[in-house]
Amino acid sequence: MDLKLKDELTRMLIERPGLSISELARQTNTDYSYVHKVVAEMEAEGRLMVEKRKHGRKAVTNCRVSPRYKQAWVAKLRRFVGSQLKDAEIKAAFVLMYVVLLGVALRPLGFFGAPETLLAMKAPEGDLIASVGEDLFAVARMGSSPVMLDWLILTVVLVVPLLVGVWAFRRRVAEKVLNTE
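In terms of our numbering, the sequence shown opens at residue 54 and continues consecutively.
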C-alpha cells in the first residue's frame, strides 16, 4: 500500500495514541475509506491495535500502535536520522577542508596553486590537518595583505556557524527522537 501514508499514520498514532480513523483521515487530508483500508492492512500485519467502541449510535474505531512495532519504528527512525546527521557532518567537514585549502592556496597576490597546498594534499591522511593548520597560521602571520586577512576572517565567520548549526540540529533531532518513546 501507500508507505508514506503508513509512516504518517504511525507517526501520528505514536504522538497521539487512540485517534479514530475519521480523525486520521482528516489530519492526513485523505479519503476515509482509503485510510480505513490502510488501517485494516496495518492491523493484519500486526502494526496497529484497533479497538471499536460505541459512541452514541455510532461505532468509533480507535487505533493504537503496537508496542513491538513502535520500538522497531523508532529504532529505524533513529538509524535514518543518525545517517542523515553523519552525512551532514561529513559534508560540513569537507566544506571546512576545501575552504581552508582554498585559503592556504590564496596568496597575497591572489594566485592559486601554492606549493604548500600541493604538499598538504600529498601528505598522509594523518598529517593533512596538521600541515593545513600550520600553513594557515603561517599565512595569517604574514599579514602582508589586508585582503587575505579579511578573507580568512570571512572563512571563520562562515564555517563556524555551519558547524554549530549542524551540532544544534543534531541535538534537537536527537532530543525529539528520544522524546517519542
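Glycine included, each C-beta is placed from N, C-alpha and C at the ideal position.
Just so we're clear, the structure is a prediction, and the values are computed from it rather than from any experiment.
Use the C-beta contact count for residue i: other C-beta atoms within 10 angstroms, 16 or more gives buried, fewer gives exposed.
i	result
residue 220	exposed
residue 211	exposed
residue 100	buried
residue 78	buried
residue 217	exposed
Let me check one thing: in DSSP terms, what residues is residue i bridge-paired to?
i	result
residue 146	Residue 146 is not bridged to any residue.
residue 114	105
residue 73	115
Can you tell me the Cβ-Cβ gap for residue i and residue j, rounded? I've got them flagged as a contact below 8 Å.
i	j	result
residue 67	residue 116	Contact flag wrong, Cβ pair sits at about 11 Å.
residue 134	residue 226	5 Å
residue 146	residue 215	Not really, about 10 Å apart at Cβ, beyond 8 Å.
request  = Decide yes or no for the touch test of the stretch 70–85 against the stretch 107–126: beta carbon pairs closer than 8 Å, at least 3 of them.
outcome  = yes
task = Count the CB pairs spanning the stretch 133–141 and the stretch 79–98 that are closer than 8 Å, and state whether there are at least three.
result = no
ask   = Between the stretch 86–96 and the stretch 58–66, do at least 3 Cβ pairs fall closer than 8 Å?
value = yes
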